[in-house]
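By the count of UniProt numbering, the sequence shown reaches residue 373 at its end, each step adding exactly one.
Yeah, the Cβ is synthetic: ideal placement off N, Cα and C, and Gly gets one too.
None of the values given here were measured: they were computed from a predicted structure.
Taking it in order: structure first as structure tokens, then the write-up.
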Amino acid sequence: MKDSQTTMYDHSEIKVRLLDTYIQKYLNILSRAPHISKVHLYDLFCGEGIYENGGEGSPIIFLKAIKNVFYRNQHQGQKTIPVDCVFNDIKTSKTEKLKRIIEEKKLHYPSFGDLRFRNINYTEAIPKVIRQISRLKNEKAFVFIDPYGYKEVRASHIKSILDTKRAEVLLFLPTQFMFRFERKGAPEALLTFIEDLVPKGMWPNSHTGIDFIENLKSIFREYLGEDHFVDTFIITREKNQYFCLFFFTSHIYGFDKMLEAKWELDAEEGRGHSIVQPEALPLFSDPSIKINNKLESFLLEFLEEPRTNGEIYKAILHLGFKPKHAVDVLKTLYSSSRISVTPIGRIKIKKGAFYINYSEFSENPNKVSIQLK
Numbered sequence: 001m002k003d004s005q006t007t008m009y010d011h012s013e014i015k016v017r018l019l020d021t022y023i024q025k026y027l028n029i030l031s032r033a034p035h036i037s038k039v040h041l042y043d044l045f046c047g048e049g050i051y052e053n054g055g056e057g058s059p060i061i062f063l064k065a066i067k068n069v070f071y072r073n074q075h076q077g078q079k080t081i082p083v084d085c086v087f088n089d090i091k092t093s094k095t096e097k098l099k100r101i102i103e104e105k106k107l108h109y110p111s112f113g114d115l116r117f118r119n120i121n122y123t124e125a126i127p128k129v130i131r132q133i134s135r136l137k138n139e140k141a142f143v144f145i146d147p148y149g150y151k152e153v154r155a156s157h158i159k160s161i162l163d164t165k166r167a168e169v170l171l172f173l174p175t176q177f178m179f180r181f182e183r184k185g186a187p188e189a190l191l192t193f194i195e196d197l198v199p200k201g202m203w204p205n206s207h208t209g210i211d212f213i214e215n216l217k218s219i220f221r222e223y224l225g226e227d228h229f230v231d232t233f234i235i236t237r238e239k240n241q242y243f244c245l246f247f248f249t250s251h252i253y254g255f256d257k258m259l260e261a262k263w264e265l266d267a268e269e270g271r272g273h274s275i276v277q278p279e280a281l282p283l284f285s286d287p288s289i290k291i292n293n294k295l296e297s298f299l300l301e302f303l304e305e306p307r308t309n310g311e312i313y314k315a316i317l318h319l320g321f322k323p324k325h326a327v328d329v330l331k332t333l334y335s336s337s338r339i340s341v342t343p344i345g346r347i348k349i350k351k352g353a354f355y356i357n358y359s360e361f362s363e364n365p366n367k368v369s370i371q372l373k
């Protein structure tokens with residue numbers, strides 16, 4: 001058994017912190033959505049729940065979040081919705097230990113939803129999960145894939161889940177190990193993984209571990225298409241050693257909330273976390289470039305032609321920034337008379353307002369047109 005399966009390393013701790021931040025937001029939003037009656041949560045490599053050094057794994061994070069949101073909503077008189085959990089691990093010994101921990105810590109009650117345990121291989125589990133999600137009505141699903149390696153994971157699995165339009169996926173990949181073998185005798189597992197995304201000869205060259213992650217993110221985006229959203233959260237374990245969480249969704253609001261969670265953990269770049277130097281994470285080649293400068297460069301080109309508030313909102317999210325970041329830059333450009341904001345149709349708009357948020361995107365994405373003067 002790999003030591004990483006029994007001992008919680010720093011990169012695993014950061015991973016579950018992001019998971020915890022997002023799942024709290026996710027459950028809180030869905031519990032308040034009038035048209036959502038249930039949530040389904042799948043952890044396909046759940047492990048034992050608690051590492052030997054006391055670190056909490058993903059099943060414990062999920063159950064604590066479910067419990068917290070349930071009792072908070074109940075206390076506030078808000079709607080509570082059941083969350084059905086499926087914890088899968090091919091080793092029965094792991095799920096048996098997890099069951100005991102859940103019972104000892106009183107982490108689950110029937111009022112929270114169903115709790116099921118499975119002991120099947122990932123390749124057998126994933127088609128079952130896809131079929132179950134595809135049958136959902138007025139329900140949502142979240143799938144967490146944290147594999148022991150990556151040889152069984154396929155991009156086509158992610159696409160099939162997203163095509164249901166009912167689920168989000170969080171995938172952890174040991175990208176440092178994948179990058180290491182990219183050009184030096186790539187193992188069969190890596191070749192198969194890559195060729196599921198793109199023909200072998202079209203895979204771009206990666207000079208660094210960060211390059212590999214950015215290349216993989218770009219190719220995931222091309223493979224999945226414009227209707228789906230992809231972003232990453234990079235974890236620096238040691239100098240020049242990077243692991244990565246990939247987030248996938250077909251719902252723009254879910255993507256918005258994941259970006260919020262990322263920026264909460266990395267307020268400087270919204271890109272990742274460094275275990276070596278937590279206070280500063282220079283993931284980009286020039287870390288002195290600030291958020292506003294990056295966004296301003298993009299917007300100065302993007303707004304050479306008229307763009308609606310909805311188009312800007314979607315483009316900003318695809319870049320991995322929060323709507324607030326775009327609004328800050330647009331305010332600066334507007335105050336210096338470099339952009340014009342024009343209402344579309346016979347509506348009144350507030351001076352200096354840009355309507356870059358999910359509410360306006362869903363209700364009136366063509367409210368204003370913004371363009372460089």
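By the neighbour-count criterion, in which a residue is buried when 16 or more other Cβ atoms sit within 10 angstroms of its Cβ, N205 is exposed. Per DSSP, F172 is one residue of the beta strand (DSSP E) stretching across A167 to L173. Of all C-beta pairs linking the region 23 to 35 to the region 245 to 262, three or more are shorter than 8 Å, placing the two stretches in contact.
Only residues of its own chain outside the window of five on either side were considered, and among them F321, H325, A326 and V329 have a CB closer than 7 Å to the CB of L295, listed in chain order. Distance from the CA atom of Y253 to the CA atom of L162, rounded to whole angstroms, is 14 Å. In this structure, F62 lies near D43, with their beta-carbon atoms less than 8 Å apart. Nearest C-alpha to A189 among L333, R166 and K151: K151.
One alpha carbon belongs to S58, the other to R72, and they sit about 21 Å apart.
Closest in alpha carbon position to G55, among R17, S37, P34 and D84, is R17. Going by DSSP, R131 is part of the alpha helix (DSSP H) stretching over Y122 to S134. Under the three-state reduction of DSSP output, A141 falls in the strand class. Look at the region 46 to 114 and you find these whole runs of beta strand (DSSP E), each 3 residues long or longer: 83 to 88.
Within the same chain, T249 and F255 come within 6 Å of F229 by CB-CB distance, once the 5 residues on both sides are set aside. If you draw a straight line from the Cα of I145 to the Cα of H318, it comes to about 22 Å. About 6 Å separates the Cβ atoms of I370 and R307, confirming a contact at the 8 Å cut-off. Cβ-Cβ separation between R32 and Q78: approximately 6 Å, consistent with a contact (criterion under 8 Å).
Inside the region 204 to 273, DSSP marks whole beta strand (DSSP E) runs of 3 or more residues at positions 229 to 238 and 241 to 249, from first to last along the chain. Counting the other Cβ atoms within 10 Å of the Cβ of G149 gives fewer than 16, which makes it exposed. Within the same chain, and ignoring the five residues on either side of I349 in sequence, the residues whose Cβ sits closer than 8 Å to its Cβ are V341, P343, Y355, K367 and V368. In this structure, DSSP gives S369 an extended state, which the three-state scheme calls strand. Judged by beta-carbon spacing, F246 lies beyond the 8 Å limit of T236, meaning their Cβ atoms are not closer than that value. When only Cα atoms are considered, N215 and V198 end up about 11 Å apart. For T342, the enclosing beta strand (DSSP E) covers residues I339 to P343. Put simply, the backbone Cα of L115 is about 13 Å away from that of E96. Sixteen is the threshold: since fewer than 16 other Cβ atoms of the shown chains lie within 10 Å of the Cβ of L191, the residue is exposed.
Per DSSP, reduced to three states, the secondary structure at V327 is helical. Remark: C-beta atoms of T92 and S134 do not approach each other more closely than 8 Å.
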